[in-house]
Every structure is written in structure tokens, then in C-alpha cells.
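**Student:** According to mature numbering (1 follows the signal peptide of the UniProt record, and there is no 0), the residues represented by the sequence shown are -25 to -1, 1 to 121, in order. All residues carry an ideal CB built from backbone N, CA and C; glycine is no exception. Keep in mind the model is a prediction, meaning the values are calculated, not measured. One structure follows; several queries about it will come next.
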Amino acid sequence: MKRLLLPVGLLALALGAAGSGGAWAQADVVGQRKEEMKRSGAHLEAIKKIMDAGEAVGPVAPRAQEMHGYFATLPTLFPAGSTENSKARPEVWSDRAGFEKAASNASEATAKLAAAAGSGDRDATAAAFREVGASCGACHRNYRAR
């Protein structure tokens, strides 16, 4: 009897750990996307300060490039079921094509911002920055709960 209890106990422990892996993975992905959004928000605030101060726009480029990388992979941070402790609306999954298009729009807008800032053209950078803001707002209106 004792010889049977140990393997059965180990099997139950292993199955329990495997079953909870999904919950841990979901929590990790929600936390990761929250951190990425916070970092993007900090970049946007810093860019706004640069633009408002009339400073050279070169320092905007690396910030925009980092956001571009994040937005390019954004849909991967929203796997099915990753809703706990999240403001993601159900439309992220029910309108997946629309959500992916919104993420793509943000990625394209941040790439344009990086290119404009890299060129040093203040007017083009300002226009691209407005486009980034519009793409963020459009996504949040449709896919983020208040």
C-alpha cells in the first residue's frame, strides 16, 4: 500500500502543478502587457515634453522605436482567456481582426514617428506624434474598458 501511495501522490502533485500553469501564464502575460503599456505611456509623456519645449526631436526616435517593437507584438500578449485583472474588453477576442488591425495601426504610426524624429524634421515629427495619439485612442476606445 505504501508503495502505491508515493507514486499516486507524486502524480497528483504533478497534475496539480501542470493544471495551474495556465493560470500563472495568464497572470504573467497580463502583467507583461500592463508593464509595456506603462512604459509606452512614459515614452509618450516624455515625447510630449520634448515637443512642447521645442527641443530637438532626435531623442524621440529611440522612444518611438521601442514602442514600435511593442505594438508589433501586441496581439501576442492577449491570448484567449487572459482577462483576469485586466481592462481588456471582450472585443479583443470577439473582434480579433479589428484588434490586430488597431495594433498594426499603432505599430505603423510609431514607425513613422521614429523615422520622422530620426530625420530631425520637427513638423513631420509633430504630425506623426498626433497620429500615434490617434491610433492609441482608437484602440483604447474599442478594446479597453474604462
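DSSP beta-bridge partners for Arg119?
**Tutor:** For Arg119, which the question treats as bridged, DSSP gives the partners Ala63.
**Student:** Since Leu88 is in the alpha helix (DSSP H), which residue starts that stretch and which ends it?
**Tutor:** Per DSSP, Leu88 belongs to the alpha helix (DSSP H) from 71 to 94.
**Student:** Buried or exposed: residue 131, going by 16 or more other Cβ atoms within 10 Å of its Cβ?
**Tutor:** This structure gives no information on residue 131, because the portion of the chain shown stretches from -25 to 121.
**Student:** Express the C-alpha separation of Pro65 and Gly(-4) in angstroms, rounding to a whole number.
**Tutor:** Note that Gly(-4) has pLDDT 47, beneath the 50 cutoff, so the model's placement of it is unreliable and no number is given.
**Student:** Any idea if Thr100 is buried or exposed, counting beta-carbon neighbours within 10 angstroms, 16 or more meaning buried?
**Tutor:** Buried, because 16 or more other Cβ atoms sit within 10 Å of the Cβ of Thr100.
**Student:** Tell me where the alpha helix (DSSP H) around Ala31 begins and ends.
**Tutor:** Counting along the chain, Ala31 falls outside any alpha helix (DSSP H), and DSSP gives it neither H nor E.
**Student:** Could you give the distance in angstroms between the alpha-carbon of Val5 and the alpha-carbon of Gly33?
**Tutor:** Val5 and Gly33: Cα-Cα distance of roughly 32 Å.
**Student:** Helix or strand or just coil, what does DSSP make of Gly112?
**Tutor:** If DSSP states are grouped into helix, strand and coil, Gly112 belongs with the helices.
**Student:** Measuring alpha carbon to alpha carbon, tell me which of Leu19, Glu41, Gly73 ends up nearest Ala86.
**Tutor:** When each option's Cα is compared against that of Ala86, the closest is Glu41.
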